[in-house]
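In terms of the numbering used here, the sequence shown has 152 at position 127, counting the first letter as 1, and numbering is strictly consecutive.
All residues carry an ideal CB built from backbone N, CA and C; glycine is no exception.
Worksheet: the structure to be examined is printed underneath.
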Amino acid sequence: GGEEKKESGADAETGRQTQRFSDTARVHLLQRTPRRKLLQELGDQKIPFLGPSDRGFQQLWDSSYSGLVLRKSCSLPAELHGRVQAALLTLRSKGCLLRDLVRVRDRDVFTSVSRALLGEPGHTYRYLDTRLFAIPWHSEDTEVKGQSCCDPDLRAACKALWELNTFLCSDVFQLKEGDRLTQCAKGEVEVKQSEEGDTESKHSEESKNSEGGDSESRQSEEGDTESKHSEEWDIESKHSEEGCSGSKQEGEWETESKHSSEEGESSQVKTSETSVATGSEHSEGKCPGWAPKATSGGEAEPVGPGTQEKPVVQLKHSLSDYHIEDKEQQESGQGCSQPSPPQVCTGPVKFNVTLLNYMDPSAMSQLKEEPYYGMGKMAVGWHHDENLIIHSPVAVYSYTCHDDKGESSEGGSSEKACWRIGLKVAWDIHTPGLMLPLESGDCYYMRDDLNSTHQHCVLAGEAARFSSTHRVAECSTGTLTYIQSRCQEALSNLRTDPETGSHSLLALLPATLQHCEEIHNEVEFEWLRQYWFQGQRYARFCSWWTRPMEQLEKDWKLMETMTMLFLATVEEEGQAEEGRREMAETLLSALTDRHQQRQTWRDRCHSSLAQTLPPEEAPVDRPFWGVDDPSMPLPFDLADIINRVESLLWRM
26 GGEEKKESGA
36 DAETGRQTQR
46 FSDTARVHLL
56 QRTPRRKLLQ
66 ELGDQKIPFL
76 GPSDRGFQQL
86 WDSSYSGLVL
96 RKSCSLPAEL
106 HGRVQAALLT
116 LRSKGCLLRD
126 LVRVRDRDVF
136 TSVSRALLGE
146 PGHTYRYLDT
156 RLFAIPWHSE
166 DTEVKGQSCC
176 DPDLRAACKA
186 LWELNTFLCS
196 DVFQLKEGDR
206 LTQCAKGEVE
216 VKQSEEGDTE
226 SKHSEESKNS
236 EGGDSESRQS
246 EEGDTESKHS
256 EEWDIESKHS
266 EEGCSGSKQE
276 GEWETESKHS
286 SEEGESSQVK
296 TSETSVATGS
306 EHSEGKCPGW
316 APKATSGGEA
326 EPVGPGTQEK
336 PVVQLKHSLS
346 DYHIEDKEQQ
356 ESGQGCSQPS
366 PPQVCTGPVK
376 FNVTLLNYMD
386 PSAMSQLKEE
396 PYYGMGKMAV
406 GWHHDENLII
416 HSPVAVYSYT
426 CHDDKGESSE
436 GGSSEKACWR
446 IGLKVAWDIH
456 TPGLMLPLES
466 GDCYYMRDDL
476 NSTHQHCVLA
486 GEAARFSSTH
496 RVAECSTGTL
506 TYIQSRCQEA
516 LSNLRTDPET
526 GSHSLLALLP
536 ATLQHCEEIH
546 NEVEFEWLRQ
556 YWFQGQRYAR
566 FCSWWTRPME
576 QLEKDWKLME
586 TMTMLFLATV
596 EEEGQAEEGR
606 REMAETLLSA
616 LTDRHQQRQT
626 WRDRCHSSLA
636 QTLPPEEAPV
646 DRPFWGVDDP
656 SMPLPFDLAD
666 IINRVESLLW
676 RM
């Protein structure tokens, strides 16, 4: 084995796996007390950030955030604004935007942000162990007679967002390198920047006044602080951007839901504002010891007394140990049993989905303070967008409105704190952060490798906000076409007698049987249970997924028959002992995994959080069947069968 140090490919792979295991274990050991210690070393200091009213802002943008482009609202077609904003309000009025019950560190948590997924027909998007199923764009001009899957208003809303998607696809790379800001008129923008600067200072002062008193009680919550805050610095988000409470960083989980009392979630909200005590005075969230200084290269650098800089430098070196987990999580993919190599974005951009988010600060209790820069209240914490084609751009359309009636905030926006995005260079505490205010109708683009090299957050304004976040989702294992082809792979090993209807397996090779069982588990846990865990939400608005999911369930039921035949073969006496043992071990592994996952999903469906949802949104424990269901070839509870296979292996 590994101790013989042979130079074979197998040994090299074993070494790599061992190293990955060691690295991962090391990361998890580092994640609690040491991270808290690092934040305590940072103490009352705030890392500097620049906003539009700060000197050096444009230099910093050009030098360190060149992948970010802002397209001002006034530079987009007015007709497009009208259609898109009406579409977003339609989706809200129909109740299509819903909070997700996601999985974070083996706990269920409600996202604080409501969302829906739109996109190419049959596409899905997976985050925080949750697969969202896209409502199709409805981009075709005419509906096929008798095949309407949603009402005309919803169809029109989806089509308007498809028009926005088409515009963004063509626009995202139109701006030349260096055109960081598409302006209406230079003077107008400068005036707005000055006003925004005043708003930022006011907002920062408010956050300073509200922040300090709870630090001791927060720190007393210890372990849970780390498990759900911003992991505390840079561990890659298991989500994707904009407003998902779960969209937050693997840790930015917005456990701020009113239902979060289960398993201590509500206390974690308080602790997660965390651990960087903020008793110091600062303007726009900056510590007085920090000041941006233009270097010969034009990049702003923080300067300050050595006593302040030293712990920050130490923090940077220590944090480099955490980078491993980013890679681990990026490799996690869509939950496929056989991950495929990462795809890299080349050629023209085609955004295949948009994740719609709706955020109403008045309904989002206990928003956390941004802990490192003092940027203000966060609606979405620091994160990278996940499950995207590598180096693909992300385009975000932002729309704010006053209240549930959806009245436009235009004209009154100066009276309210505006929404902003914050950006920072991942693993770098020397480059100042960047804060960019957003007006209603603004778009911003994250191009090139910005999403992988930087992290971003969303800072809450006072008005309600929609965002439509267009992305090139990595869907190699996340489309209906993909899972249908996987079903056909598995079912190709099942023979049905045309006369009697009886079934038999064509091939009994362990590798073939293992492949079929992996597909069986993938269909059940990555598709059927994911779909039904979200209740009736899809069928209520759009029936597009109804028939495909019914067919997937029929295919899955045939796979249950295949497992029954596999079991019968293993238990049949008179086979070659070695081949039989290998088959039994393969079957035992698949059944054990299936049994455990079924129990997990069953527990989730009946959790106290799930019970708080209205019937049309409540998780459905499906597929589920009773002990004596004659239509099912195997029982739901596999414990007895697992014991039989284990006993068989003991006797061999």
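For residue 620, the uninterrupted alpha helix (DSSP H) segment begins and ends at 602-630.
With respect to residue 616, residue 667 sits close: the two C-beta atoms are nearer than 9 Å.
Cβ contact annotation for residue 75 (same chain, cutoff 8 Å, sequence separation greater than five): 81, 82, 85, 317, 325, 457, 458, 459 and 460, in chain order. The distance from the Cβ of residue 151 to that of residue 412 is about 6 Å, consistent with a contact at the 8 Å cut-off. A residue is called buried once 16 or more other Cβ atoms fall within 10 Å of its Cβ, and residue 177, having fewer, is exposed. Counting every other CB atom within 10 Å of its CB across the protein chains shown gives residue 131 a total below 16, marking it as exposed. Remark: C-beta atoms of residue 674 and residue 381 do not approach each other more closely than 9 Å. As for any alpha helix (DSSP H) of minimum length 4 sitting wholly inside the stretch 434-507, the runs are 475-478, ordered along the chain.
In this structure, the beta-carbon distance from residue 644 to residue 623 does not fall below 9 Å. Exposure of residue 665 is indicated by the presence of fewer than 16 other C-beta atoms within 10 angstroms of its C-beta. DSSP, reduced to helix, strand and coil, places residue 406 within a strand of the structure shown. With fewer than 16 neighbouring CB atoms inside 10 Å of its own CB, residue 375 falls in the exposed class. Looking at the DSSP output, residue 591 sits in no beta bridge, so it has no partner there.
Taking C-beta atoms as the reference points, residue 378 and residue 495 count as a pair closer than 9 Å. In the displayed model, residue 394 falls within a strand according to three-state DSSP. For residue 144, the uninterrupted beta strand (DSSP E) run begins and ends at 132-144, by DSSP. With contacts defined by Cβ atoms closer than 9 Å, residue 159 and residue 115 do not form a contacting pair. Residue 589 and residue 525 have their C-alpha atoms some 18 Å from each other. For residue 90, DSSP assigns no beta-bridge partner whatsoever. Around the CB of residue 582, fewer than 16 other CB atoms lie within 10 Å, so the residue is classed as exposed. In the DSSP annotation of this structure, the continuous segment of the beta strand (DSSP E) that includes residue 124 starts and ends at 123-129. Residue burial annotation: residue 593 is exposed, with fewer than 16 other C-beta atoms found within 10 angstroms of its C-beta.
Relative to residue 672, the option among 613, 423 and 635 whose CA is nearest is 613.
Rounded to the nearest angstrom, the gap between the Cα atoms of residue 500 and residue 677 is 43 Å. Counting only residues of its own chain and dropping the five nearest sequence neighbours on each side, residue 663 has a CB closer than 7 Å to the CB of 616, 619 and 620. Secondary structure note for residue 115: its alpha helix (DSSP H) is the uninterrupted segment 103-118. By the neighbour-count criterion, in which 16 or more other beta carbons inside 10 Å mark a residue as buried, residue 467 falls on the buried side. Look at the stretch 523-603 and you find these whole runs of alpha helix (DSSP H), each 4 residues long or longer: 535-547, 554-558, 562-566 and 571-596. Counting other Cβ atoms within 10 Å of its Cβ, residue 165 stays below 16 and is therefore classed as exposed.
The Cβ-Cβ distance between residue 477 and residue 416 falls below 9 Å. Sorting 111, 608 and 154 by C-alpha distance to the C-alpha of residue 537 places 608 at the top. Residues of the same chain with a CB within less than 6 Å of the CB of residue 106, apart from the 5 flanking positions on each side, are 466 in chain order. Look at residue 518 here: in three-state DSSP terms it is coil, with no helix or strand label. Remark: C-beta atoms of residue 384 and residue 483 approach each other more closely than 9 Å.
Cβ neighbours of residue 529 within its own chain (closer than 6 Å, five residues either side excluded): 520. Bounds of the alpha helix (DSSP H) holding residue 182 are 177-196.
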